[in-house]
Every structure is written in structure tokens, then in C-alpha cells.
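As C-alpha cells, the structure follows; a few thoughts come after it.
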Amino acid sequence: MATYYPPSNNDVPPFREQIGTVVIGAAAGLAAVGFHAVMNLAEVARARLAILATSYGITAQIGVVVTCGILAATAVLLVRFFAPEAEGSGIAAVMQAHRTVGARRALRILWVKFLAGFCALSSGMPLGREGPSVQIGAMSAIVLRQFGLGLVYYRRRAVELGAAAGLAAAFNAPLSGVVFSFELLKQPFHAHNCFETILACAIADWVCRLFHGPVFELPISLDGFREWQELPTFALVGLCTGVVCLVFQNFLLFVAKRFHKFHDFSNKIILVTGLWGCLLGVILLIKPEVLGIGHQIFEDAIHNSLPLLPAILILASRIPLSAISYATGAPGGLIVPALLFGVLSGHIFSTSYASLVGGVDADFHAVCLVAGMAASIGALFRTPLTATIMAVEITGAYDCLLEISIAYLTAHSLLGLARQPDLYTALGRIHERHAGKQSTRLSAARPPSTY
-5 MATYYPPSNN
5 DVPPFREQIG
15 TVVIGAAAGL
25 AAVGFHAVMN
35 LAEVARARLA
45 ILATSYGITA
55 QIGVVVTCGI
65 LAATAVLLVR
75 FFAPEAEGSG
85 IAAVMQAHRT
95 VGARRALRIL
105 WVKFLAGFCA
115 LSSGMPLGRE
125 GPSVQIGAMS
135 AIVLRQFGLG
145 LVYYRRRAVE
155 LGAAAGLAAA
165 FNAPLSGVVF
175 SFELLKQPFH
185 AHNCFETILA
195 CAIADWVCRL
205 FHGPVFELPI
215 SLDGFREWQE
225 LPTFALVGLC
235 TGVVCLVFQN
245 FLLFVAKRFH
255 KFHDFSNKII
265 LVTGLWGCLL
275 GVILLIKPEV
285 LGIGHQIFED
295 AIHNSLPLLP
305 AILILASRIP
315 LSAISYATGA
325 PGGLIVPALL
335 FGVLSGHIFS
345 TSYASLVGGV
355 DADFHAVCLV
365 AGMAASIGAL
375 FRTPLTATIM
385 AVEITGAYDC
395 LLEISIAYLT
405 AHSLLGLARQ
415 PDLYTALGRI
425 HERHAGKQST
435 RLSAARPPST
445 Y
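Numbering of the sequence shown is given in my numbering, commencing with residue -5 and proceeding in unit increments.
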């Protein structure tokens, strides 16, 4: 068997490893595109449920509510009994995957992520698809490395490359995938890793564009730069967004702690999730646009066609809806909910500011939205580069990097002053605390040694 020696940190990877990186990028891109298609199918299925409920009277409405409950319960059942690693966004599991997940386990996580993700989004859970795309890309890379040609030296590198490529393909944002892998996945920063990560993300984005075309995820048009006198205003955008993020993070952690009390009782968790799905079904009958990913909310905010009071009510409802849905353990990400919180915060600020000063131009409103996105992502996940680059890559608003930076710094500072860790760290501590208590109970129940 051949022995492979890794190149030094600042060398360009050998051709064999470059081919492996290309294969991983292509596979992660295809997997992310497939997951995107499944999530779109879930959105269509939920829309048809809403149409069915409004067309056939009370019996159909009861059936839709029960169906949403069954879908939500099924999503959590699949996760808890087949692949617990597929819980939530899966980003925390990706950080440990190179040590804990083999190829067969990765295949199981993949099919659970696809099927359970479809059930969760069909039931109306307001979660995102981009976080799961990170785990899907990482699991695809593990499978390729084990069952493929062995073109990548280490499983950890395969996981990092697959995860970065998954995010790049999910958002059609290659640079966001690159900086995400260094900021959140903590891979060492040097030329060798940079070369491979950029290559994997570029290939994944190319695959995404083959299917979806060269389009922005949330296109926002700007015309030039803002005046310097307006720059302090965007600190207020960051402050408003930071307050929203602070409320969301504390509420999510509160709910997650309550759910973890029943972590060892799968049947209770599944039952509670089923009841939560029924409540989502009731909301589907009343206000279907507040559920799911929230495409219509994004569009209304971008076109400035969402009145102030409905925007406030939607934001107030999405915070608990997203938090409770994520706490159930159903597959779904937090990146898109965070983006929506930022967009709504920026929209609410812009609309309120316009009523105070007698109106603002369209560019000011657009910059508030982009600044809110960056502030929300950066404040919740403590990823300054990922937040700023993602905000401009998915919108095309490259002219407002300074305004984005001001808003992000304000929101980050607010959560820092509130002594809040980043959201994934806080959720990880809850998991660790539960695991420690479980280990203590097992040790206490173990019979004493007779030796």
C-alpha cells in the first residue's frame, strides 16, 4: 500500500489531491442542489395543504392540522431513532465528524437529513436549508473518501472541504464558504488550506450555477455610496438587530433547556413535537406566509411593501416559532432565520426612521436590510468575515461594506456586553451539561466493584 506524505503548509497541493478536492466540491455541490430541490418540494407540499384546507371545509382543515402534526413528529422520530447527528443544522456534529463518523454512518445521516428535513419543512417549521447543507456536504465528503479513490489525505480535510463547499453551494456564495470554514470550523489558516478550500467552494458554486444559474439569493440593487453623515445611523440598525438577536438567543436557550429535560424520553419528545406540528397546522390555516423559509416575507421587505405593524408582528411571531422548532431537534438551520431577523429588523428601522424624518430613498432602505443581515449573522454566530461577505454575496450589495461593518460591530458589541457566547457554543454547553448528568447517573447506577 502506498504511503502518502502531506505537503508542507505553504505548498500548492499535489495534483492528485487537487483532483480529490474537485471531486469533493462537485459532490457537495450536487448534494446541496438536491437538498435545495427537496426543500422546494416541501414548500410546494405545504402550500398545497393550505389550498386544500381553504377549499374543502372543516374536515379538510382538521386533516391538514393532523397532517402537519404527523409530519413534524416523523421528522423528529427519524432523527432520534436513526441518526441523532442529523439534529438541527448539524454544524456542531460536523466539527466532530472526522473522529466519530464513518462512511456507513454518513450515508445514514444523509438520507435522514433529506427525508426528515422534508417532513419538518412540510409541517411548517420556520427553519433554513443552508445549515443542513453544510452537514450534507461534509457527509458526502466522508463517503467519497472512504468508498472513492482516496484522493484526500485525511478525513478531517475531507470534512472541512465538504462542509465549506456545501455552504458555498447553498447560498451560491463561494467566498462565504471559504471564510466560514476558517472562522467556524476552525481549520488552520495557511496557503495550502486556502488553495484547497477555494477550489472546493468554486467547484461547488459552479455546480450550483449549472442548475440555478448565476443569480443572487436575495438580489438587492444599490446606486452608489451613502453620505458620511448617514453612517452613524447604521449603528442604530446594528443596535436594533442586536436586541432582536439577544431576545432570540435567550429564548432559544430557554426552550432548548426545557426540551433537554426529556432528552432520554424519545416518545415524549416525539409526542410534544407532534402537538407542536398541529399548532403549526393551525397557523397554516390562518397566516401561512409566516411559516417555512419565509420567501414572501423576504420579498415584501426588499420591495418595501410590508407595513410597519405587520412587520413587527411577523418578527415577534417568527422568534418563538423558529426557536421552538429548532429545539425539538428537527433538521433545519438557523442561518436563514437569522437572515430574516436581520432583514425584518432593518426594514422596521428604515420604516420607522422614514416616518420620523419624512421619508428615505430606496437605497437607504436597501442598505438597512443588508446591514441587518450582516449584524444578525455576525452577532449570533460571532463570525465577522462570514457575516459581512455572506451579506454582500447573496445580495450583490458590494457598495455598502462600510455600513455593514458598522452595523455588525454594534450588534456584536451588544451581545458581548450582555456576556452572551455565540449561539452554537451556548447550545453545545447545554448538550455537554446533559451528557455530564447522564454519565453521573450511569456511574451511580453501576454496581460497586467486588475487587
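Just so you know, even glycine gets a beta-carbon here, dropped at the ideal spot from N, CA and C.
When beta bridges are read from the DSSP output, Gly122 appears opposite Gly327. Taken in chain order, the whole alpha helix (DSSP H) runs of length 4 or more contained in the region 17 to 56 number zero. With contacts defined as CB atoms closer than 8 Å, Thr15 and Leu169 fail to qualify as a contacting pair. Residue environment analysis places Thr322 among the buried positions, since at least 16 neighbouring C-beta atoms fall within 10 angstroms of its C-beta. If you look at Trp270, you'll find it in the alpha helix (DSSP H) that goes 260 to 280. Straight across, the Cα-Cα distance linking Leu395 with Tyr402 is about 10 Å. With 16 or more other Cβ atoms from the protein chains shown falling within 10 Å of its own Cβ, His359 counts as buried. Rounded to the nearest whole angstrom, the CA to CA distance from Asp199 to Phe165 is 9 Å.
Assignment of Val209 by DSSP, reduced to helix, strand and coil, places it in the coil class. With the rule of 3 Cβ pairs closer than 8 Å, the region 97 to 104 does not count as touching the region 335 to 347. In the three-state DSSP reduction, Ile313 falls in the helix class (H, G or I). Of the candidates Val17, Val27, Ala47, Thr61, the residue whose Cα lies closest to the Cα of Thr267 is Thr61. Looking at the backbone, the Cα of Val364 and that of Phe259 are separated by about 42 Å. Counting along the chain, Tyr402 sits inside the alpha helix (DSSP H) bounded by residues 395 to 411. Judged by DSSP secondary structure, Phe228 falls within the alpha helix (DSSP H) whose first and last residues are 225 to 254.
Between Val73 and Ala324, the C-beta gap is smaller than 8 Å, which places the two residues in contact. Counting along the chain, Lys107 sits inside the alpha helix (DSSP H) bounded by residues 97 to 116. Put simply, of Thr48, Ala305, Thr68 the residue whose alpha carbon is nearest the alpha carbon of Asn261 is Thr68.
Under the 10 Å beta carbon count, Gln414 is surrounded by 16 or more other beta carbons and is classified as buried.
In the three-state scheme derived from DSSP, where H, G and I count as helix and E and B as strand, Gln181 is classed as coil.
Distance from Ala66 to Leu274 at the Cβ level is roughly 7 Å; contact confirmed, criterion being Cβ atoms closer than 8 Å. Around the beta carbon of Thr48, a 10 Å sphere encloses fewer than 16 other beta carbons of the protein chains shown; the residue is thus reported as exposed.
Ranking Ala20, Met119, Met33, Leu374 by CA distance to the CA of Leu278 puts Met119 first. In the displayed model, Arg376 falls within coil according to three-state DSSP, outside both helix and strand.
Boundaries for Asp355: no alpha helix (DSSP H) harbours it, and the DSSP string shows neither H nor E there. If you compare the alpha carbons of Ile45, Ala152, Ser116, Phe112 with that of Gly96, the shortest gap goes to Ala152. Per DSSP, reduced to three states, the secondary structure at Asn187 is helical. Straight through space, the alpha carbons of Phe29 and Leu43 are spaced by roughly 21 Å. Put simply, of Phe108, Gln243, Ile52 the residue whose alpha carbon is nearest the alpha carbon of Ala412 is Gln243. In the structure shown, the three-state DSSP call for Glu283 is helix.
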